[in-house]
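Protein chains: 2
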Amino acid sequence: MVQKPAPDSARRSERSRRAIYDAALALVGEIGYPKTTIEGIAARAGVGKQTIYRWWNSKADVLLEAFLDLGEQAARAAAQSGQDPRDGIPDTGDLAADLKLVLRATVDELLDPRFEAPSRALAAEGLVDEQLGAEFVGKLLEPQLQLYVRRLRSAQDQGAVRPEVDPRIALELFVAPLAQRWLQRTGPISHAYTDTLVDYALYGLAPR
Amino acid sequence: MVQKPAPDSARRSERSRRAIYDAALALVGEIGYPKTTIEGIAARAGVGKQTIYRWWNSKADVLLEAFLDLGEQAARAAAQSGQDPRDGIPDTGDLAADLKLVLRATVDELLDPRFEAPSRALAAEGLVDEQLGAEFVGKLLEPQLQLYVRRLRSAQDQGAVRPEVDPRIALELFVAPLAQRWLQRTGPISHAYTDTLVDYALYGLAPR
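Heads up: the protein sequence lines correspond to chains A and H, in order.
Count the first sequence with the working numbering and you get residues 1 to 208, in order.
Count the second sequence with the working numbering and you get residues 1001 to 1208, in order.
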């Protein structure tokens, strides 16, 4: 139904879309999810609210896409540094090294100030608003966790992980501690910390 | 300054205190932390708000004590079943069994409906309100984590955990996954799940 946009209006659309993402992330970080409205996002982005309603059904949808876009920007930045997380977790045959690389990149992203306030605000709302929480876990968090599942399965094929281990639980041994330290501020996060998590998870706490 | 209460008024005070805890937990679970007020707690508990101000400085203090009290009630219930978590984590010499026992009790507590809504509301607020988060982590969460540190140190003395392992990080391998599944609803929690976490953490994912 919508006419195919000419190149000029496509560029304008792309600019509007980016402005809307930025406005949505900034607002939710500043005033929280409950007080963020489509009207507020439109005003801050300098677009009419009909522009937003044309592309998205709800503020949750806007934010979901804004976070996906932020993740893609991080991926593009990482790609320029030689690593592209969109391709999943690297598989060099050295599981510990591959996991450490990806977790170090995650630490860097979690410490990025553009990411911090909006993620925290959204996670907080997801704890109490079950529907929003399920949407973000399902569309944002779980697909990332499945990249670890795939890498751990490959490690099982290579004999680097015990065959009876459930990869979906195993990944939590290094992902959840990082998430909790960052979310609940129970401790500092760093590359040395996530390296340690990987070593403990792979080789266990008990003497070998 | 306050006159020592006679036995009768001590009983009345204890009743008021319990009513205030119940009201505070119920309110924060129903309407969230930001909208919960001392006035609202007083009205629901059927006491004057001066009664609350006499004992506590802020709603955060009331809630902190209400949660500590809830934990003590759980401990008393556990004590009647032969285990008292106030004494710390049991040390039978079998680290895996001791950790599984305590984590199973934690699963039961997390699934207790009296605990669920207020804990989630408070955790959510702690993510965005840094001061509140620090207070609850410092006074409520970290003291519990230190019980695991003590048990892991004892396991190191017994040769059941590698001497170079940092107990404060190691405990996160089984505590943080449970916390994340419960808080962010990323997966179901059960005794079988926490048993698996303990086995993976102690014996590692890599073949031995």
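Cβ coordinates follow ideal geometry from the N, Cα and C atoms, glycine included.
The structure displayed is predicted, hence computed values, not measured ones.
Limits of the alpha helix (DSSP H) - the one that residue i falls within
i: A/LEU183; result: 172-184
i: A/GLU39; result: 38-45
i: A/TYR193; result: 191-203
Member of the options whose CA lies at the smallest distance from the CA of residue i
i: A/LEU197; options: A/ARG114, A/VAL102 and A/PRO163; result: A/VAL102
i: H/ASP1129; options: A/THR106, A/ALA124 and A/ARG150; result: A/ALA124
i: H/LYS1059; options: H/ILE1089, H/GLN1156, H/THR1036 and H/PHE1067; result: H/THR1036
i: H/LEU1063; options: H/PRO1188, H/GLU1135, H/ASP1166 and H/ARG1168; result: H/GLU1135
i: H/GLY1040; options: H/TYR1053, H/LEU1127, H/ALA1024 and H/ARG1054; result: H/ALA1024
i: A/ASP61; options: A/ARG76, A/ILE89 and A/GLN131; result: A/GLN131
i: H/PRO995; options: H/ALA1066, H/ALA1075 and H/TYR1193; result: As displayed, chain H neither begins before 1001 nor continues past 1208, which places residue 995 of chain H out of reach and without an answer.
i: H/SER1190; options: H/GLU1164, H/ASP1112 and H/PRO1163; result: H/ASP1112
i: H/GLY1088; options: H/ARG1011, H/PRO1163, H/ARG1185 and H/PRO1143; result: H/PRO1143
i: A/ARG120; options: A/ALA170, A/TRP182 and A/PRO90; result: A/TRP182
i: H/ASP1022; options: H/GLN1180, H/PRO1167, H/ILE1169 and H/ARG1114; result: H/ARG1114
i: A/LEU70; options: A/ILE20, A/LYS49, A/SER9 and A/ALA179; result: A/ILE20
i: A/TYR193; options: H/GLY1126, H/GLN1180, H/ASP1195 and H/VAL1165; result: H/VAL1165
i: H/VAL1161; options: H/LEU1095, H/LEU1141 and H/GLY1138; result: H/LEU1095
i: A/ARG210; options: H/LEU1127, H/GLY1159 and H/LEU1099; result: Residue 210 of chain A cannot be examined here, being either before or after the span of chain A that is shown, 1 to 208.
i: A/LEU68; options: A/ARG12, A/LEU141, A/ASP98 and A/ASP91; result: A/LEU141
i: A/ARG76; options: A/GLU109, A/GLY93, A/ASP98 and A/ASP91; result: A/GLU109
i: H/ARG1044; options: H/ARG1018, H/TRP1055 and H/ARG1054; result: H/ARG1018
i: H/LEU1099; options: H/ALA1155, H/GLU1116 and H/LYS1139; result: H/ALA1155
i: H/ALA1026; options: H/VAL1137, H/ARG1168 and H/GLU1116; result: H/GLU1116
i: A/PRO90; options: A/ALA42, A/LEU152 and A/ALA179; result: A/LEU152
i: H/ARG1054; options: H/GLU1072, H/ILE1169 and H/SER1013; result: H/SER1013
i: H/TRP1056; options: H/ALA1097, H/GLY1133 and H/ILE1038; result: H/ILE1038
i: H/GLY1159; options: H/ARG1011, H/GLN1050 and H/GLY1093; result: H/GLY1093
i: H/ARG1208; options: A/GLN73, A/VAL137, A/GLY46 and A/PRO163; result: A/PRO163
i: A/ALA170; options: H/PRO1167, H/LEU1178, H/ARG1168 and H/ILE1169; result: H/LEU1178
i: H/VAL1028; options: H/PRO1188, H/VAL1047, H/ARG1015 and H/LEU1122; result: H/LEU1122
i: A/ARG168; options: H/ARG1168, H/LYS1139 and H/GLY1187; result: H/GLY1187
i: H/GLN1180; options: A/ALA74, A/SER16 and A/GLY133; result: A/GLY133
i: H/GLY1051; options: H/ASP1008, H/LYS1139 and H/SER1016; result: What sits at residue 1051 of chain H in the sequence shown is Thr, not Gly. Here the closest residue by C-alpha is H/SER1016.
Proximity test, residue i beta-carbon vs the ligand SAH heavy atom, cut-off 7 Å
i: A/VAL128; result: Although the ligand SAH was asked about, the structure shown includes no ligands whatsoever.
- Item | Proximal residues, the segment 100-124 of chain A versus chain H, C-beta separation under 7 Å | ARG120, ALA121, ALA123 and ALA124
- Query: At which residue ranges does the segment 1056-1112 of chain H contain complete alpha helix (DSSP H) runs of 4 or more residues, listed in the order of the chain?
  - Reply: 1059-1080 and 1095-1110
- Using Cβ-Cβ distances below 9 Å, what residues of the segment 173-202 of chain A are close to chain H? LEU173, PHE174, VAL175, ALA176, PRO177, LEU178, ALA179, GLN180, ARG181, LEU183, GLN184, ARG185, THR186, GLY187, TYR193, THR196, LEU197, TYR200, ALA201 and LEU202
- Item | 4 or more residues per run - each alpha helix (DSSP H) lying fully within the segment 1124-1156 of chain H | 1130-1136
- Select from the segment 1122-1145 of chain H all residues with a C-beta closer than 8 Å to any C-beta belonging to chain A, and list them in chain order. ALA1123, ALA1124, GLU1125, GLY1126, LEU1127, VAL1128, GLU1130, GLY1133, ALA1134, VAL1137, LEU1141, GLU1142 and LEU1145
- Looking at C-beta atoms only, is the number of pairs between the segment 1031-1050 of chain H and the segment 1090-1107 of chain H that lie closer than 8 Å three or more? no
- Segment contact flag, the segment 1148-1155 of chain H with the segment 1170-1177 of chain H, C-beta cutoff 8 Å, min 3 pairs: yes
- What residues from the segment 1016-1035 of chain H come within 7 Å of chain A, judged by C-beta to C-beta, listed N to C? GLY1032
- Query: How do the segment 198-208 of chain A and the segment 1191-1207 of chain H stand: do at least 3 beta-carbon pairs fall below 8 Å, yes or no?
  - Reply: yes
- Residues in the segment 52-76 of chain A with C-beta within 9 Å of chain H's C-beta atoms, listed in sequence order? none
- Task: Taking a Cβ distance cut-off of 8 Å, strictly less, list which residues of the segment 159-171 of chain A are near chain H, in chain order.
- Result: GLY159, ALA160, VAL161, ARG162, VAL165, ASP166, ARG168, ILE169 and ALA170
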